[in-house]
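Below is one structure, written out as C-alpha cells; the observations come after it.
There are 2 protein chains.
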Amino acid sequence: MNAPASAIEQLQLGLPELDWITDPNRIQRLSQDFSWFSPVLTRQLEGKVADAVVRPRTEEQIRQVVAACARLKLPLTLRGSGTGNYGQTTPLAGGVVLDMTSFNELLWLRPGLARAQAGIRLNEIEKAAQAEGQELRCMPSTYRSATLGGLFGGGFGGVGSINYGPLAAPGNVVGLKAMTIEPEPQIIELRGAEAMRMHHLWGTNGLVLELEIGLAPAQPWLETLAVFDDFDAALAFADQLARAPGLDKREVAFLASPVPDYLTQLAESLPKGCHAVLSLVAEAGEEALAELVSAHGGRVSYRRTAAEVSKSHKTLMEYTWNHTTLHALRVDKSLTYLQTTFTPGEYVRQITELSRRYAGEVFMHAEFLRNMEGQTNCSALQIVRFTTEERLQQIIDEHRAYGVRINNPHTFIVEDGKAGGDLPEDVLAMKARFDPLGLLNPGKLRGWPVGAAS
Amino acid sequence: MNAPASAIEQLQLGLPELDWITDPNRIQRLSQDFSWFSPVLTRQLEGKVADAVVRPRTEEQIRQVVAACARLKLPLTLRGSGTGNYGQTTPLAGGVVLDMTSFNELLWLRPGLARAQAGIRLNEIEKAAQAEGQELRCMPSTYRSATLGGLFGGGFGGVGSINYGPLAAPGNVVGLKAMTIEPEPQIIELRGAEAMRMHHLWGTNGLVLELEIGLAPAQPWLETLAVFDDFDAALAFADQLARAPGLDKREVAFLASPVPDYLTQLAESLPKGCHAVLSLVAEAGEEALAELVSAHGGRVSYRRTAAEVSKSHKTLMEYTWNHTTLHALRVDKSLTYLQTTFTPGEYVRQITELSRRYAGEVFMHAEFLRNMEGQTNCSALQIVRFTTEERLQQIIDEHRAYGVRINNPHTFIVEDGKAGGDLPEDVLAMKARFDPLGLLNPGKLRGWPVGAAS
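Following this line, the structure appears as C-alpha cells:
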C-alpha cells in the first residue's frame, strides 16, 4: 500500500495537464529573486524554497490551481520574472510558486492606454506601444525581463517617473482584474483607487490577472552621459535638467564618483574618478541640453540617437535604477545598497551632506522623479561598501535621524520595507476579501502571520 | 512747386511696390491691440497712431523698409495680429507700423521642432503639427489669430504651460533669425539663451524674422468643465489635478464665482453662482479625472472628446487666459483685470485669502502652470470691477504688500510691466546691437527714451 499522498502530490495528481516544474534546481531558482543584492536577505532567506512551481497558460488553469490550493490549504506565492530585490517571490512557508510568465497576452492598445495579462514582459508592451507611437510611462531598468504584474506587485516606478511619478499616481494604473484565493475563486474588476490597494503588496493581498495601464506618447530619446570634475556642478546640472519644463526627458540619474567607475561597459565614456549624469532627453532638446552641460562646466562624453539605440539594442536605461547596483555588484561582490527618499526642495543639500558624511563607504546614485504631488524629487539607490549587518543598520538609523526616508531593502517583511509601518485598513480589508484563508505567501505580512486566517 | 515730401512720403514713394495700408481707419485699427481691456491704457494711448502701415511679404521687402526707415530716422513699430493687451503694437511716436502677418511661411516641421516666419498664425503651426502627431507646446487663447512673432515678442505662454512652463523656459524657443535696424540691415541667427534676450521686449530690441520652437507630442484632449458649490473644494480639485503626475493635461483653469456667470456661451453647463474648473486632460485619463471630481464633491457638467472638439471648431481653450477677461468684458464694459503671479506651495492660501479680501470687487481666475524651475504654480488674471484709476492702483499696491507679484497690465512701458524694473545688461546690449538708432517704437523703453540713440 502506498503512503497517503502529500497535499502537493494531490495537487499535482489532480491537475496533470498543467506545466509543472519538477527539477529541484529549477524550483530552487524559481523560488528566488535578486534579493542577493542584500547580504541580510541572503542570510535570512537561505533555504526558503517552494515545494512545487506551476506555470499556467490560461485564466482557467490559474483558477484550477487556486481552487485546489485553497481546498488543500497550500500556500501560494506569485512570481513574475523574479527581478525584484526583496524576496518577493520567495515562499516563506513552502507550497506552490505560481509562475505567471506564460500568462502573457497583450489584450489591447488604445491612445494612452493598454491592457494585458499580468505575466507579460514589459518590453513586449513597450515594443507594441512604440509601433503605435506610444511608450510605457514608467518602467524598471529590468523591463526586458520584468513582468507587468511584477512591476505592479513589487515595483515603484523607474524610467519615466521623472514625468509620470510613481506607478501609484492616479492615471498610471487605471484598473485590474484579480482572483480571490478560495475553493470557488471569484474574478473581480477593480478600478482606480480601489485597484491601487493591491499595489506594492508583493502579491500578498490578491492575485492580479490583468492590468490596465496608462501609456505616454513616444518620443525619440537621445541617450547621453555628461561628465564633470566637480560633484556640486554635476548635481546642479542634473537638478536643473530634471526640473527644466521645456526639456522633455525620460530619465535623469546622478552618479557621483566612484559609482561611474563600476560601470565598466561604459568605461570609454566615463573617465576614472568622474561624476556623471545619465539622461534620456528628447532629441529636439539636444541643443538646450548641450548649453546646460556647458554652463555647468561639463562635457557630453556619450551620445546615442534613438535610431542608434534601437539598432544597437544597447540602452543606457539598463544602467539606471537598480541596474546601477547590479553592475557594481558584478565588479565587487562586497557591495550592497540603500534606498532613500529625499525631500523636495532640500534634496540637493541632503545629497551633498550625506555624500560627504559617508565618503568612502556610501556612494551616491540618485534618480530624479516627480512624487505623488507632482514635485521634482530625488530617490537614491546608494551603493554601500558592506562590512557588518550592525554597521548597515547604523547607517540606516543615522539616515533616518538625519531626516530622510529609508525604504529598507534589507527586510522581507512588507511592513518593514517601503510600506514603512502598519498597513492601512483598506489594504487589510482587501487582504481579507481576496485571501480569506491567508494562503498568499504566509509570513510576508507581519500583520497577518501564518495561521492567522479564519 | 510741390512742398518737400515728408519722410513718410519719401519712404512710400521709394518703395511703391510694397503693400501700403493708406486708409486712415485701417491705420487707426492697425495701430491698436487689445489694450482697451485697461481703462488706464485706453486713456494713455488715445490718439497714438502710425503715419503709415506696411505689410511686407518677403525678407527682402522687410529689409527695404528697415533700411529706408533707418536712413530716414523713421520710428518703426512691429505688429503681429494685435492680440496683445499692453499697447505692444501702438506706435508712441508715430512712424511706420510693420505688419508682419503676410510674412507667414512654415519653413519646416521635425519631431519636436518647427521653424516658421514670424508672421505665421499659431493655429497654422498647430494644424500642420497635428497632422504629424505633434502640437504647440504653449499658446495663448488667441492662437487662431495670434502670430508666432507676437507670442515671442509680447506673450508669456498659455495653454500648455502646465507642462512646458513659460515660453522663456529653455527648449521652448530654440533659436531665431533677426534683423538689425540700420541703413544696411544685418541678418543674424541667435540660438538658445542669446535668442531669449529678445523675448517679451515688445519688439523693442530687434526685428525677429524667423523662430524655431519646440513642439509637444499631440494627445487627444478631453475638454471638460467641472462645477462645484464650494470655493475651497473647487480650488483643491484644480490644484490636485494640476499637480497629478499621472494625468496628462494641457490646461487647468480655476474660475471662482462669479466668473463663470460671465461665460454666457457656456451658460448651460455653468449653473449660476458656481465655481468651475476648466480642463483639457488626455482622454485616457477620463476615469481618473472623474474619480478626482467626485472626491471633491463636484460634477462634470460639460464634456467634449477631441473628435467632437475638432468637428465643432468650438474649444474651451478660447475661454482661458485672457479670453476669460474678453468674455467678461463683452458682458460688462465696466470690468478690467489684473495679472498676478503667486508663490509655489502657497498659492492655494494666497488665492483663498485674496478672493475673500476683495469679494465683490476682484474675481478670481487662476491659471495653473509650471514655472521656470518646473514647480507647479498659479498665475491669475483676476477680473476687477473698475471704479477709479486710484482704486485700481491701490488694489495693485495692496497685492504687492501682501506678497504676490503683480505684472501690471495697465502700463505701456516695458520696464513697468512684467519686466518688473530695469532691464538686464544683456538685454540692453541686444538693444544697442539690433537697434542702434533707437527707432523701434521709441518711448516704449523707459531706459531708452526717444532721441537717446547715437
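So the sequence lines, in the order shown, correspond to chains D and F.
Heads up: the first sequence at position 337 corresponds to 337 in the UniProt record's numbering, and the numbers run straight through without jumps.
Heads up: the second sequence at position 170 corresponds to 170 in the UniProt record's numbering, and the numbers run straight through without jumps.
Cβ atoms here follow ideal geometry from the backbone N, Cα and C, with glycine treated the same way.
- Note on geometry: alpha-carbon atoms of F/Asp248 and F/Val96 lie some 45 Å from one another.
- When C-beta distances to chain D are compared with 9 Å, the residues of the segment 235-253 of chain F below that value are Gln240, Ala242, Arg243, Ala244, Pro245, Gly246, Leu247 and Asp248, in chain order.
- The contact set of D/Leu92 on chain F, defined by CB atoms closer than 7 Å, is empty, because the minimum CB distance reaches about 33 Å.
- Beta-bridge analysis with DSSP links F/Asn172 to no other residue.
- A distance below 9 Å separates the beta carbons of F/Leu255 and F/Ala276.
- Closer than 9 Å at the C-beta level to chain D, one finds these residues of the segment 174-206 of chain F: Val174, Gly175, Arg191, Gly192 and Ala193.
- At a Cβ-Cβ threshold of 9 Å, F/Arg71 and F/Thr101 do not count as neighbours.
- Residues of chain D whose Cβ lies closer than 7 Å to the Cβ of F/Gly165 are, in chain order, Pro245 and Gly246.
- Put simply, of F/Gly447, F/Pro424, F/Asp435 and F/Thr411 the residue whose alpha carbon is nearest the alpha carbon of F/Gln44 is F/Thr411.
- For D/Glu361, the closest alpha carbon among the candidates D/Leu215, D/Gly119, D/Gln394 and D/Arg433 is that of D/Gln394.
- Using a Cβ-Cβ cut-off of 8 Å, D/Gln219 is close to Pro111, Gly112 and Pro217 of chain F, given in chain order.
- At a Cβ-Cβ threshold of 9 Å, F/Ala288 and F/Ala244 count as neighbours.
- Per DSSP, the unbroken beta strand (DSSP E) holding D/Ser301 starts and ends at Arg299 to Arg304.
- Selection F/Ala195, F/Val281 and F/Gly153 evaluated against F/Asn85 yields F/Gly153 as nearest (Cα-Cα).
- Between D/Tyr164 and D/Gly214, the C-beta gap is smaller than 9 Å, which places the two residues in contact.
- Contact between the segment 391-410 of chain F and the segment 421-435 of chain F is absent: fewer than three C-beta pairs spanning the two stretches fall below 8 Å.
- Not one beta carbon of chain F lies nearer than 9 Å to the beta carbon of D/Met430.
- In this structure the segment 313-323 of chain D touches the segment 251-269 of chain D; the number of beta carbon pairs closer than 8 Å is three or more.
- Chain order gives the chain D residues near F/Leu292 as Pro170, where near means a beta carbon separation below 9 Å.
- Taking the Cα positions, F/His296 is about 10 Å away from F/Ala226.
- Nearest C-alpha to D/Thr22 among D/Val53, D/Ala380 and D/Thr343: D/Val53.
- Closer than 9 Å to the CB of D/Arg137 there is at least one CB belonging to chain F.
- When Cβ-Cβ separations below 9 Å define contact, D/Gln339 makes no contact with chain F.
- F/Arg349 is classed as exposed because its beta carbon has fewer than 16 other beta carbons within 10 Å across all chains shown.
- F/Ser257 is not bridged by DSSP to any residue.
- Remark: C-beta atoms of D/Asn441 and D/Leu92 approach each other more closely than 9 Å.
- Looking from the CA of D/Gln64, the closest CA among D/Ala233, D/Ile187 and D/Gly421 belongs to D/Ile187.
- By the Cβ-count criterion, D/Val331 is exposed, with fewer than 16 other Cβ atoms from all chains shown falling within 10 Å of its own Cβ.
- Apart from the 5 residues on each side of it in sequence, D/Val309 sits with its Cβ closer than 7 Å to the Cβ of Glu223 and Thr315 in its chain, given in chain order.
- If you compare the alpha carbons of F/Trp202, F/Arg57, F/Val173 and F/Gly157 with that of F/Leu445, the shortest gap goes to F/Trp202.
- The shortest C-alpha to C-alpha distance from D/Pro75 to any of D/Ser38, D/Pro140 and D/Leu11 is the one to D/Leu11.
- With respect to D/Ala233, D/Gly298 sits close: the two C-beta atoms are nearer than 9 Å.
- Annotation for D/Ser294: no residue places its beta carbon closer than 8 Å to its own, counting only its chain and skipping 5 residues before and after.
- Note: D/Ile120 is not bridge-paired with any residue in the DSSP secondary-structure output.
- Considering only beta carbons, the part of the segment 272-284 of chain D lying closer than 8 Å to chain F consists of Ala282, Glu283 and Ala284, in chain order.
- Shown in chain order are the members of the segment 362-384 of chain D whose Cβ falls below 9 Å from a Cβ of chain F: Leu369, Arg370, Asn371, Met372, Glu373, Gly374, Gln375 and Thr376.
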